[in-house]
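Enquirer:
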Amino acid sequence: MRVEILSTGDEVLLGDIVDTNSAWLCRQLTELGLRADAVSAVGDDIDPICRIVEAISHRADLCIVTGGLGPTADDVTAQGCAKAAGTDLELHEQALASMADFFRKKGWQLTPENEKQAMLPKGSAMLENLHGTAPGFSLKVKNCRFFCLPGVPSEMKEMFNRQVLPKIREKIGDRQALCIRRLTVFGLPESEVGRRLSSFSQVYPGIRLGFRAVFPLIEVKLVKAVEIAENSATGFQGPRDMDGQMAAAVTWVAKRLDHRVVSFEGLTLEQEVGRLLRAAGQTLSVAESCTGGLISHMITDVPGASDYFLFTGVTYANSAKMGVLGVAEETLVAHGAVHEETAKQMAAGARRAGSSDWAVATTGIAGPSGGTPDKPVGTVCVGVAGPDGVTARRFVLDAGDREKNKHLFAAAALEMLRRKLAGTAESADG
Numbered sequence: 002m003r004v005e006i007l008s009t010g011d012e013v014l015l016g017d018i019v020d021t022n023s024a025w026l027c028r029q030l031t032e033l034g035l036r037a038d039a040v041s042a043v044g045d046d047i048d049p050i051c052r053i054v055e056a057i058s059h060r061a062d063l064c065i066v067t068g069g070l071g072p073t074a075d076d077v078t079a080q081g082c083a084k085a086a087g088t089d090l091e092l093h094e095q096a097l098a099s100m101a102d103f104f105r106k107k108g109w110q111l112t113p114e115n116e117k118q119a120m121l122p123k124g125s126a127m128l129e130n131l132h133g134t135a136p137g138f139s140l141k142v143k144n145c146r147f148f149c150l151p152g153v154p155s156e157m158k159e160m161f162n163r164q165v166l167p168k169i170r171e172k173i174g175d176r177q178a179l180c181i182r183r184l185t186v187f188g189l190p191e192s193e194v195g196r197r198l199s200s201f202s203q204v205y206p207g208i209r210l211g212f213r214a215v216f217p218l219i220e221v222k223l224v225k226a227v228e229i230a231e232n233s234a235t236g237f238q239g240p241r242d243m244d245g246q247m248a249a250a251v252t253w254v255a256k257r258l259d260h261r262v263v264s265f266e267g268l269t270l271e272q273e274v275g276r277l278l279r280a281a282g283q284t285l286s287v288a289e290s291c292t293g294g295l296i297s298h299m300i301t302d303v304p305g306a307s308d309y310f311l312f313t314g315v316t317y318a319n320s321a322k323m324g325v326l327g328v329a330e331e332t333l334v335a336h337g338a339v340h341e342e343t344a345k346q347m348a349a350g351a352r353r354a355g356s357s358d359w360a361v362a363t364t365g366i367a368g369p370s371g372g373t374p375d376k377p378v379g380t381v382c383v384g385v386a387g388p389d390g391v392t393a394r395r396f397v398l399d400a401g402d403r404e405k406n407k408h409l410f411a412a413a414a415l416e417m418l419r420r421k422l423a424g425t426a427e428s429a430d431g
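Quick note: the sequence shown uses the working numbering, first residue 2, plus one each step.
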């Protein structure tokens, strides 16, 4: 089955928003064993929408369209699709009734502008929107079935899962799905990861290997087509066990990447640290200088971080390091703010201040200025305090950009903490 995705909206073409809808839809199709042949974007104009819908109708069996179903004049997806199908719009009574019910429950007034959203191409089937005002619709143009969904992500996802996904499953029937494993890697450039795994296709020719850089991490993805296991209740469950082949491939990859694998489930550093802390029933505090609160932001972006995250202090000035964390003035005079001993005392002070099991601290030079021959830009000292004492390491991680350096520093700190939590021995090269 040839599948395409079409996103409509000037805001996508102008770069005002990132088209996350298409990325999400690609992932859902992948889990079904399908792969989008193309992802396109078009502006809010009837004729361009008509032309691209016509083009897709000649080459695809299925197309999922998002956006352009709202009440304003620039929402013209329905008009463009109708023109491509050689038909007109008509008031869809079921769509109007669904909208009226939604507005009534919200206590809103249904206006003539909103009624425009119930004008659908003749011959189309309405897709009910339970979380918004814009009904979707399904329309066949030539041999291609188009599913037109709202652009609001929450509405689009609900409509896809409830009304489009079952129809796709029914159409593809009993077929293969894709089994996917994602490994997160930190500490190696993408080129080096590729070099270490260069013989993978010879060892496992039936599994596709892919890479994705999400600075400062690398995602290694293993993909293999597998049979679908049928569920007596739903008729669909997911991929069958692969008789250990995927597990063997993952082990092969991990061995060649050594301790650089952060997660075997595709988790970020902050997610994996959180998972380890929660599993151990332990807590964390953070002290930051050069990272300016970035580590704390990353940790608290993970849902449920309140289970283990207790305290943070952005002690940028030396006076704050001394007053809040108890760093000795003698240490700062003898070694300066950027030193392993300072990082150790910062971590110990944060652990004490938060009454936590663990603490991590950063102090360094993010640049672009401030470096010296002994402590160049990119120097960061990371301290980790835990039940077994306090340790610190110095790294030089210069990506040539202040913001990137801060992200590298934060990642290095979380990785050092992760290895402590996981009980992984540290190598000389980090």
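Backbone N, C-alpha and C define an ideal beta-carbon position, used for all residues, glycine too.
By Cβ distance, which residues of its chain are closer than 8 Å to LYS2, with the 5 residues on each side in sequence left out?
Expert: Residue identity differs from the one stated: residue 2 is Met in this sequence, not Lys. The residues are LEU35, ASP62, LEU63, LYS172, ILE173.
Enquirer: Please return the same chain residues whose Cβ sits closer than 7 Å to the Cβ of ASN406, not counting the five positions on each side in sequence.
Expert: Excluding positions up to five away in sequence, the list reads ALA367, GLY368, GLY379, LEU398, ASP399, ALA400.
Enquirer: Tell me, to the nearest whole angstrom, how far the beta carbon of VAL254 is from that of LEU218; I am working on the premise that it is less than 8 Å.
Expert: At roughly 15 Å, the Cβ-Cβ gap does not stay under 8 Å, so VAL254 and LEU218 are not in contact.
Enquirer: Could you pull out every residue in the same chain whose Cβ sits closer than 8 Å to the Cβ of VAL4, ignoring the five residues on either side in sequence?
Expert: The answer, listed in chain order, is LEU30, LEU35, ARG36, ALA37, ASP38, ALA61, ASP62, LEU63, CYS64, ILE65.
Enquirer: With distance defined between alpha-carbon atoms, name the residue in LEU223, PHE216, LYS158 nearest to PRO206.
Expert: When each option's Cα is compared against that of PRO206, the closest is LEU223.
Enquirer: Could you check what DSSP says for ILE50 in three-state terms: helix, strand or coil?
Expert: If DSSP states are grouped into helix, strand and coil, ILE50 belongs with the helices.
Enquirer: How big is the Cα-Cα spacing for MET120 and PRO167?
Expert: Rounded to whole angstroms, MET120 to PRO167 spans 25 Å at the Cα level.
Enquirer: Decide if HIS93 is buried, meaning its Cβ has at least 16 other Cβ atoms within 10 Å, or exposed.
Expert: Buried is the call here.
Enquirer: Count the other CB atoms within 10 Å of the CB of GLY239; is the residue buried (16 or more) or exposed (fewer)?
Expert: Only weak support is given to the placement of GLY239: the predicted model assigns it a pLDDT of 40, under 50, and the value that follows is read from those uncertain coordinates. Exposed: under 16 other Cβ atoms inside 10 Å.
Enquirer: With distances taken Cα to Cα, identify the nearest neighbour of PHE147 among PHE138, SER155, MET347, VAL153.
Expert: It is PHE138.
Enquirer: Three or more C-beta pairs under 8 Å: does that hold for the stretch 102-118 against the stretch 19-33?
Expert: No, the stretch 102-118 is not in contact with the stretch 19-33.
Enquirer: Is it right to say LYS322 is buried, meaning 16 or more other beta carbons lie within 10 angstroms of its own, or is it exposed?
Expert: Buried, because 16 or more other Cβ atoms sit within 10 Å of the Cβ of LYS322.
Enquirer: Can LEU486 and ILE296 be called in contact, C-beta distance under 9 Å?
Expert: Nothing in the structure corresponds to residue 486, since the chain is present only between 2 and 431.
Enquirer: Can you look up GLU266 in the DSSP assignment and give me helix, strand or coil?
Expert: Coil, per DSSP.
Enquirer: Taking 6 Å as the limit between beta carbons, can you name the residues of its chain near ASP75, skipping five residues before and five after?
Expert: Excluding residues within five positions, the ones whose Cβ falls inside 6 Å are ASP45.
Enquirer: Rounded to a whole number of angstroms, what is the C-alpha to C-alpha distance between THR332 and GLU341?
Expert: If I take the Cα positions, the gap works out to 10 Å.
Enquirer: Enumerate in chain order the residues of its own chain whose CB-to-CB distance from GLN80 is below 7 Å, with the five nearest sequence positions on each side excluded.
Expert: The residues are ILE47, LEU90.
Enquirer: So if DSSP puts PRO122 in a beta bridge, which residue, or which two residues, is it bridged to?
Expert: Answer is LEU90, bridged to PRO122.
Enquirer: Taking the alpha carbon of LEU70 as the point to measure from, which residue in GLY133, VAL263, ARG419, LEU15 has its own alpha carbon closest?
Expert: Answer by Cα proximity: GLY133.
Enquirer: From which residue to which residue does the beta strand (DSSP E) around PHE212 run?
Expert: Start and end: 209-215.
Enquirer: Report the rounded CA-to-CA distance for ALA351 versus ARG276, giving the unit in angstroms.
Expert: If you take the alpha carbons of ALA351 and ARG276, they lie about 21 Å apart.
Enquirer: Return no unless some Cβ of chain D is closer than 9 Å to the Cβ of THR284.
Expert: The displayed structure is made up of one protein chain only, and chain D is not part of it.
Enquirer: Which of helix, strand or coil does DSSP assign to THR235?
Expert: Reliability fails at THR235, whose pLDDT of 38 lies under 50, so the model's placement of it is uncertain and no value is given.
Enquirer: Rounded to whole angstroms, what's the CA-CA distance from PRO1 to LEU97? Just pull it up for me.
Expert: For the chain, the structure presents residues 2 to 431; residue 1 sits outside this window and is missing.
Enquirer: Less than 7 Å between C-beta atoms, sequence neighbours within five positions excluded: which residues of the same chain meet that for ALA288?
Expert: Excluding positions up to five away in sequence, the list reads GLY314, THR316, LEU326, MET347, ALA348, GLY350, ALA351, ALA360, ALA362.
Enquirer: Along the chain, where does the beta strand (DSSP E) that runs through LYS141 open and close?
Expert: Residues 137-142.
Enquirer: Quick one: what does DSSP say ASP38 is sitting in, helix, strand or coil?
Expert: Strand, per DSSP.
Enquirer: Once the 5 residues before and after LYS376 are set aside, which same chain residues still bring their CB inside 7 Å of it?
Expert: So the list reads VAL339, ILE366, once near-sequence residues are dropped.
Enquirer: Assuming VAL173 is part of the alpha helix (DSSP H), what are its boundary residues?
Expert: Reading off the sequence, residue 173 comes out as Ile, not Val. Where ILE173 is concerned, the enclosing alpha helix (DSSP H) stretches over 166-173.
Enquirer: Who are the near neighbours of GLY293 in its chain, counting only those whose CB is closer than 8 Å to its CB and skipping five residues on each side?
Expert: Same-chain partners within the cutoff: VAL315, TYR317, LYS407.
Enquirer: Can you tell me which residues form a DSSP beta bridge with TRP359?
Expert: For TRP359, which the question treats as bridged, DSSP gives the partners LEU285.
Enquirer: Rank SER307, THR112, ALA280 by C-alpha distance to the C-alpha of PRO72 and give the top, closest one.
Expert: The candidate whose alpha carbon is nearest that of PRO72 is THR112.
Enquirer: Looking at the unbroken beta strand (DSSP E) that takes in ARG163, where does it start and where does it end?
Expert: That residue, ARG163, is in no beta strand (DSSP E); it is neither H nor E in DSSP.
Enquirer: Please state whether DSSP places ILE296 in a helix, a strand or coil.
Expert: Looking at ILE296 - three-state DSSP - the assignment turns out to be helix.
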